[in-house]
Amino acid sequence: MDEQKIQSNLKKLAVVFIVVFLLIGGVSHYLFQSVTNLYEESIQGRLAERAVQYNKSFVFKMNADLQTLRAMACMLADATIQDITPKGTEYLLWNLWDAGKAADFVRLCYFPLNGESVQLNPQGQLVPLQLEDETEEMQYIIQQAMEGKSYCSQAFYDPVLGYNTLGYATPILTGGKISGVLACSVSTKSYANILSSVGSVSDGGAAAVLSEDGKVLASTRTYQTEGFYELEESDDLNDDLRDQLAQALLTDDTQFFKFEMNGLTFYACVMAMDAYSDNIVIVDTDQGISDAVSGMVYNARMIGVLFAGTSLLFVMAALLMNRRYHIRLRQSAYHDRLTGAYNRHKFFQLLDRSRKKNMEYTAAAINIRKFKYINELFSPDRSNQLLKDICNVLKSHMEAGEFFCRDTADTFVLALKTLDQEAVSQRLECICEEACHCSPSIPSNYPIVFYCGCASTVDCVSKSPNEELMSHVMLALSNAKQTQRANIAFYDASIHEKEKMQNYIENHMEAALQNGEFQMYLQPKMDLQSGKLSGAEALVRWILGGKQIIFPDQFIPVFERNGFCIQLDYYMVEQACKQIRSWMDAGLSPVPISVNQTKLLFYEENYVERICAIAQRYDVASSFIVLEILEGLALENPEQVSQKIRQLHDHGFRVSMDDFGSGYASLTTLSQLPIDELKLDRSFLLQADHSTENNRKILEVVIEAAKRLKISTVAEGIETADHVQMMQEMHCDYGQGYYYSKPISAEEFTKSFLEAEKGPVSL
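If you use numbering that gives the first Met the number 0, the sequence shown corresponds to residues 0 to 762, in order.
Have a look at this one:
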């Protein structure tokens with residue numbers, strides 16, 4: 000998670016706590032305003048309101064202490080999940096002790112179900128602990144926590160600490176199960192702190208907390224001052240009143256008393272505490288009750304500041320922020336931010352766990368065809384929603400023990416327990432069919448196509464099986480992408496051989512270029528009207544050791560992907576110039592040579608300058624070099640391509656468009672590009688030869704249009720005399736194909752076509 004987002008979340012959390020703080024202050028103010036209004040109606044009502052306020056403060060204190068203890072238990076549970084060492088647990092207890100002291104804890108006890116129980120005593124020392132050594136009250140609440148309840152005891156005397164305390168206990172839940180109990184002790188001095196902070200009695204009154212047997216646990220007065228603590232010793236109190244007070248301490252109902260003492264009228268309110276099974280007792284004079292109203296208003300505001308600023312804000316904010324940061328850190332480490340799916344790191348972890356259990360999977364990569372185009376067409380927000388919806392579809396199709404991750408922008412990888420290829424294909428087809436229509440963010444009439452590449456963990460035997468598996472999956476996915484329609488491909492021996500060949504090509508291409516293993520083969524281009532040689536096309540062959548040939552369809556795609564095609568194209572232009580110079584030096588009449596130019600080369604910044612430099616190096620006229628570009632290049636950016644062609648024309652080079660008709664180029668494209676030659680793809684010739692009259696007419700129209708634009712035409716794929724005759728009838732300029740010759744070495748080409756008649760020959 001990046002720092003900015005963390006800071007933003009911290010600010011939001013601070014705002015929330017400020018709002019809570021203001022709400023507590025506002026509620027306190029409202030409650031005490033209500034007390035002021037009720038005061039005029041009934042003194043007893045005012046005493047009851049004071050007692051209620053005390054009671055709420057005690058409940059608030061109890062809840063805050065319990066919440067603090069629960070938060071500590073959560074931290075210990077996280078430590079258990081992470082399997083940290085016992086020493087690490089002790090270190091965590093010491094860290095929690097700082098938060099415990101801020102909440103007035105005087106002792107912290109840890110009772111794991113499996114392991115040694117320990118406690119942090121008031122001196123901060125970590126010592127062993129036995130449950131049977133605890134008081135009955137502590138043993139009871141610990142037993143309740145063992146049963147899954149968070150519990151608070153009534154006040155009791157702790158002989159070890161030497162004073163009255165309260166006990167809290169809460170279960171530690173690990174993976175939904177109880178793994179231990181965390182308990183603490185709080186001094187009853189917290190009673191006195193609350194009694195003092197509220198300030199609801201006058202100088203002549205008192206507020207106290209009494210146990211059921213009448214023991215004073217905390218008070219706002221001492222025995223030496225006049226007031227309530229002289230009740231038991233005062234001769235002004237009769238035995239009946241003393242008995243009534245004793246009975247009131249044993250009931251849950253709120254009791255009110257009026258009595259005279261030391262010449263003053265006192266009112267008393269005895270209320271059972273909701274929090275600790277003890278009693279709140281308030282005694283004050285009628286005048287004191289009236290004078291205390293303004294003080295109550297002030298202290299109501301202080302209650303919110305005290306509790307929100309210390310117990311609530313300090314402990315809860317610190318623990319909550321720590322826990323949330325921990326959760327988000329794990330979320331960031333193992334989950335994809337956008338979809339919430341596992342990332343590759345978590346996917347590999349799950350594969351490793353499964354491998355230890357001897358479980359085998361079929362890994363299937365699902366890729367969205369042309370996702371980048373979807374992103375540009377419909378906006379990033381809508382394409383992101385598409386990914387989320389696809390993720391939900393994948394979740395719904397996962398069986399027990401199966402899992403998946405988002406690997407890259409538009410690729411998900413699934414681990415399916417099915418190994419049978421037919422069953423895997425059926426499941427993937429079902430998933431893809433549902434995913435095609437899962438997202439309302441993409442119009443229903445827009446076709447979403449998926450490619451799937453699959454591989455089995457059974458085939459991965461290397462020291463890095465996960466990386467090997469992903470390599471197999473991606474190779475299968477690449478194989479599936481060879482078609483324009485949805486396709487599912489499985490990794491097999493043929494793909495493995497293809498992978499080996501690609502690795503060989505990439506590892507040896509530099510050395511092959513330096514060693515001259517790339518050789519130029521030439522295929523003649525004939526004048527269809529005269530039958531004479533008019534030129535040749537340069538075709539590259541990779542010949543290993545003078546025998547084995549690697550054909551262009553094996554290495555050209557690799558070079559286009561890694562950019563090596565730029566070096567190879569310059570090399571072929573140089574080989575063509577070198578051959579023309581050789582013919583000229585031998586007294587032979589040279590013919591133009593056409594050389595293919597890839598897209599990467601054509602867009603090189605200094606492309607024209609380098610081509611000119613090569614021709615000048617061999618003192619070859621630029622007109623002898625014809626640079627062939629594919630129609631796909633012309634379609635991408637006609638204006639930029641036209642500008643580059645004009646620069647080549649300025650230096651005397653001719654430009655030909657190769658494979659016209661294999662893609663989507665149109666006659667409009669021809670009118671936009673200043674090309675010199677148009678090479679008709681062999682598919683044009685095959686369609687005209689075997690299909691309807693309409694196909695022939697289309698071919699005639701293309702040739703005629705080219706002539707009108709002063710563009711010469713070359714028919715590729717001439718294989719029969721009928722092809723020659725048909726192209727002659729359509730007034731096509733040149734022909735090229737196996738009817739004349741297959742591609743042959745430059746040496747053989749020279750002997751067969753140039754040396755035969757010491758110049759261009761007629762066939």
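C-beta: ideal position from N, C-alpha, C; glycine also.
Of all C-beta pairs linking the region 401–421 to the region 340–351, three or more are shorter than 8 Å, placing the two stretches in contact. Across the set Gln142, Gly123, Ala101, Trp96, the C-alpha of Gln142 shows the shortest separation from the C-alpha of leucine 112.
With contacts defined as CB atoms closer than 7 Å, isoleucine 542 and glutamate 516 qualify as a contacting pair.
With a 10 Å radius around the Cβ and a threshold of 16 neighbouring Cβ atoms, proline 591 comes out buried.
Within a 10 Å sphere around the beta-carbon of tyrosine 156 sit fewer than 16 other beta-carbons, which makes this residue exposed. Nearest C-alpha to serine 711 among Val723, Glu699, Cys731: Cys731. Here DSSP, grouped into helix, strand and coil, assigns proline 523 to strand. CA-CA distance, isoleucine 702 to arginine 616, rounds to 37 Å. Look at the beta carbons and you see the region 495–506 not touching the region 516–534: under three pairs across the two are nearer than 8 Å. If you look at phenylalanine 256, you'll find it in the beta strand (DSSP E) that goes 254–260. In the structure shown, the three-state DSSP call for valine 282 is strand. By the Cβ criterion, the region 175–184 is in contact with the region 104–118, since at least three pairs of Cβ atoms, one from each stretch, lie closer than 8 Å.
Counting every other CB atom within 10 Å of its CB across the protein chains shown gives lysine 678 a total of 16 or more, marking it as buried.
In its chain, beyond the 5 residues on either side, Val117, Leu125 have a beta carbon closer than 8 Å to the beta carbon of glutamate 89. When C-alpha distances from alanine 247 are compared across Leu209, His648, Cys437, the shortest belongs to Leu209.
If you compare the alpha carbons of Tyr445, Asp351, Ala511 with that of leucine 468, the shortest gap goes to Asp351. The residue from Gly147, Val159, Tyr167, Glu146 with its alpha-carbon nearest to that of glutamine 153 is Tyr167. Partner residues in the beta bridge of leucine 626, as assigned by DSSP, are Val594, Val654. With distances taken between CA atoms, glycine 262 lies nearest to Thr284 out of Thr284, Lys345, Asp251, Cys431.
Using a 10 angstroms sphere on the CB of alanine 72, the tally of other CB atoms reaches 16 or more, which defines it as buried. With respect to the 7 Å criterion, valine 282 and glycine 204 are classified as neighbours on the basis of their beta carbons. For isoleucine 430, the enclosing alpha helix (DSSP H) covers residues 420–435. In this structure the region 412–422 does not touch the region 367–385; the number of beta carbon pairs closer than 8 Å is below three. Within the model, the alpha-carbon separation for proline 589 versus glutamate 715 is close to 22 Å. Using a 10 angstroms sphere on the CB of aspartate 658, the tally of other CB atoms reaches 16 or more, which defines it as buried. With fewer than 16 neighbouring CB atoms inside 10 Å of its own CB, tyrosine 737 falls in the exposed class.
Shown here for aspartate 277: same chain residues with a beta carbon closer than 7 Å to its own, the five before and five after excluded, namely Gln153, Ala154, Val208, Leu209, Ser210, Leu216 in chain order. One Cα belongs to isoleucine 487, the other to glutamine 735, and the distance between them is close to 38 Å. At least 7 Å separates the beta-carbon of valine 619 from that of cysteine 564. Shown here, isoleucine 193 sits in a helix according to DSSP, grouped into three states.
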